[in-house]
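Take a look at the structure set out below.
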Amino acid sequence: MVTSWHNLFLGGIESNPGYGLVVHPPLAKQIIAISEALFGYTPLGWRAMAALFGVGTVMLTMALARRLSGSWQVGFLAGLLAVCDGVLLVASKFGMLDIFQVFFVVAAAWALARDHQQMRERLHAAFVSGTMGDSDFGPRFGFRWWRFTAGVFLGLTLSVKWSGLYYIMFFGLMSVFSDLALRRLYGVRRYIVGTLVRDTPAALASIVAVPVALYTWSWRAWFADETAVYRHAKVDGTIEEGSWLLHLPEPLAGWFYYHSSVLEFHASLTTSGGHSHPWDSKPWAWLVAARPILYYSATDISCGDGNSCRKMLYLFGTPAIWWLVIPAVLWGLWSLLVRRNRAFLIPLVGAAAGFLPWLAVFDRQMYFFYATAFIPFVIVLISLALGQMIGRGRVVQWRWLTGLFGTAMPLGTFLTVCYAALVVAMFAYFSPILYGYLIPDSWYSSMMWLPSWS
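Pasting the structure below:
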C-alpha cells in the first residue's frame, strides 16, 4: 500500500483504481496503445495496429497453406480467400482484440508446421545413417526452436484472451502425438516410452511453461501500477477473511483475486442466467455464418429522387467461404484419416480448437467474432482441397475458354478458377456492409439472404 501524504481525505492511503475490472488480459490493449502513442487517441491510432496485424494474418495464412501443401498455387488461393473474407476484413478495421489473437494463433500453427517438417528430416537422417537402432527409444531430436517459437506465439495468444488456452491444449496434444506417430513410422521399438521420455517433457516446457511465463510477463504493468484494480485487495478488505489468498504475498494475492473475479464474470454470463443480446450467436450458427454482428447503423438517409438510403457495417462472413466450412472439414477428415494426407492435420486441429470447446459452454453468451480465429484454418482446408483439384480431370477445350486464357485447362483447374472468381464477386457484392458504404435500402434488402442476417 502506498501512502498518499497529499490527500488527507483518504487518511494518507492511496485507494484510487485507475480503471475497473477488465475481463481480458492486457497484451492486445498494450499493442493498440503503441499505435495510439504514434498517431494519437484518434480513429487511426485506435485501429492502425489492428490493420497491421490483419495484413500479417493474411500473409501467415498464405505461408501456412504454402508450407503444408508445397504449392504456391495453394498459398495464393489461401491468401485470396483470406483477403476476400468479410470477418477477417472487418476484424482488421476495428480496435478490438480478436485480430491479434488470430495472428498469434496462425503464427503458432505455422511454427508447428515448420517443427514437424524439421523432425521428419532429423528422423530420416537418423534412419539413413543407421543410428535409429542405437536406442530402443529412438534418437533424440535436440532442441526444437520451432516448437519453442510456437510456444512463444501461444503465450502471446493467451495474453490476448483466455480462449488461447484451447489452442495450447489442442496444439500441445497434437505435437506430442505427432512425435509418437513419427517414431512409430520409422520403426522405433519402444516408441510410446520414447515419446513420453524424450519428447513430452520438452513439449510441456515449450507449449505449457513458456506460454504461462509470457502470460505472467504480460501483466507486468499491473504489478507496477499501484492504482491497478485489486492491486491491494489483500489489505483493503476486498478479499474475504479466511481466503487462502491471504497467505500469499500482497501482489500475488491481488493478482489471483483479479483472475477469480474475471472467471466469475465469464461463468455468470449465461443465457439461462438472463443475459441476452440481440446479436448473440451460438457455435453451431458460426458454421454457416448464420448470425453476423451489426457494428454500425445509420438509416433513413435521403439519397435523392425520394429514395431512402442507409449505411450499415457488419461483421459478416463471405458466404462462398463460410458455407463451405462443414464440407471442408469433412473433406479434411477424410483426407487425413482415409488417405493419410498429413497436410490436413494442423488446420483441422486449429479449427477444432476454435470451435469444439465453445460447445461445452454453449449456454454462455457468445458472438460471431468468437469464430474469427476459426476461419483462417477453414480457409487453409478449402485451399488444400482446391489444390487437390488443380490439374485433375479431363481437359476442357471450350472455344471461349481457350480464347480467354490462351490455352485449354483440366476440369479441376477450371472449377478452381470459377470458385475463386465466385469468392471475389461475392466479396464485391457484399462490400457495402463490410465498408459501411451508403447504399439504397433496396440494395441492402437484396443482400439479406437469411432472416437471421438482419
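Residue 257 in the numbering used here sits at position 265 of the sequence shown, and the numbers go up by one each step. We treat Cβ as the ideally placed atom computed from N, Cα and C, and that holds for glycine.
Residue i versus residue j - alpha carbon distance
i	j	result
TYR450	LEU305	With the chain covering only -7 through 446, there is no way to say anything about residue 450.
PHE336	PRO424	34 angstroms
SER327	PHE257	41 angstroms
THR187	ARG175	8 angstroms
PRO368	THR149	15 angstroms
VAL372	ASP217	42 angstroms
ARG114	PHE133	7 angstroms
LYS85	ASN299	29 angstroms
CYS301	LEU403	43 angstroms
PHE95	ALA345	15 angstroms
HIS224	ALA29	29 angstroms
PRO284	LYS153	21 angstroms
ALA173	LEU196	18 angstroms
ARG58	TRP64	6 angstroms
VAL180	LEU165	20 angstroms
ALA365	TYR222	31 angstroms
LEU73	LEU255	36 angstroms
THR447	ALA320	An answer regarding residue 447 cannot be provided, because it is not within the stretch -7 to 446 covered by the chain.
GLN93	SER294	40 angstroms
ALA205	ALA20	17 angstroms
PRO473	PHE361	Examination of residue 473 is not possible in this model, given that the chain is present from -7 through 446 alone.
SER61	GLN110	15 angstroms
ARG182	PRO131	11 angstroms
GLY87	ILE24	7 angstroms
SER444	ASP272	11 angstroms
CYS76	TRP278	18 angstroms
VAL50	GLU242	43 angstroms
TYR250	ARG112	44 angstroms
ALA412	LEU322	20 angstroms
Simplified DSSP state of residue i, which is helix, strand or coil
i	result
ARG302	strand
VAL387	strand
SER289	strand
TYR440	Before going further, note that residue 440 is Met rather than Tyr in the sequence given. MET440 falls in the coil class under three-state DSSP.
SER84	coil
THR432	The sequence shown places Pro at residue 432, rather than the Thr named in the question. Residue state, collapsed to three classes: strand.
THR408	helix
MET358	coil
LEU307	strand
SER294	strand
PRO243	helix
HIS(-2)	Unreliable positioning characterises HIS(-2) in this predicted model, as indicated by a pLDDT of 46, which lies under 50. The coordinate reading is nonetheless provided below. DSSP places HIS(-2) in coil when its eight states are reduced to three.
PHE275	Per the sequence shown, the amino acid found at residue 275 is Pro instead of Phe. Residue state, collapsed to three classes: helix.
PRO270	coil
PRO284	coil
ILE5	At ILE5 the pLDDT is 41, less than 50, meaning the model places this residue with poor confidence; the figure from the coordinates comes in the next sentence. DSSP places ILE5 in strand when its eight states are reduced to three.
PRO402	strand
Same chain, Cβ closer than 8 angstroms to residue i, five either side skipped, listed in chain order
i	result
TYR421	MET439
VAL202	PHE140, GLY143, VAL144, LEU146, GLY147
VAL168	THR187, ASP191, THR192, ALA195
Interface flag, residue i vs chain B, CB-CB below 8 angstroms
i	result
VAL75	No chain B is part of this structure, which consists of one protein chain only.
Neighbourhood of residue i by C-beta, 7 angstroms cutoff - its chain only, sequence neighbours within 5 removed
i	result
LEU185	Contrary to the premise, residue 185 reads as Val rather than Leu in this sequence. So the qualifying residues of the chain are PHE129.
ASN333	SER327
SER289	MET304
LEU56	VAL98, ALA101, TRP102, ALA105, VAL372
VAL341	PHE162, PHE163, MET166
SER437	none
ALA245	ALA225, LYS226, ILE231, LEU237, LEU238
ASP433	SER300, CYS301, ARG302
Beta-carbon contacts of residue i that lie in its chain and below 6 angstroms, excluding the five residues immediately before and after
i	result
ILE171	Reading off the sequence, residue 171 comes out as Asp, not Ile. Around ASP171: THR187, ASP191.
LEU52	VAL98, ALA99, TRP102
SER446	MET440
ALA43	SER84
ALA281	GLY309, TRP314
GLY379	SER61, SER63, VAL66
- Task: Go through the segment 142 to 216 residue by residue and report every complete run of the alpha helix (DSSP H) that reaches 4 residues or more, in order.
- Result: 156 to 177, 183 to 186, 192 to 196, 202 to 209, 212 to 216
- Task: Would you be able to state if there are at least three C-beta pairs under 8 angstroms between the segment 96 to 115 and the segment 69 to 80?
- Result: no
- Query: Does the segment 428 to 443 come close enough to the segment 312 to 327 to have 3 or more Cβ pairs within less than 8 angstroms?
  - Reply: no
- Inside the segment 10 to 74 only - alpha helix (DSSP H) runs reaching at least 4 residues: 19 to 31, 35 to 61
- Starting from the N-terminal side, write out each stretch of the alpha helix (DSSP H) that is 4 residues or longer and does not extend beyond the segment 312 to 383. 317 to 329, 337 to 345, 348 to 351, 367 to 381
- Task: Say whether the segment 231 to 240 touches the segment 35 to 45, bearing in mind that this needs 3 or more beta-carbon pairs closer than 8 angstroms, one atom from each stretch.
- Result: no
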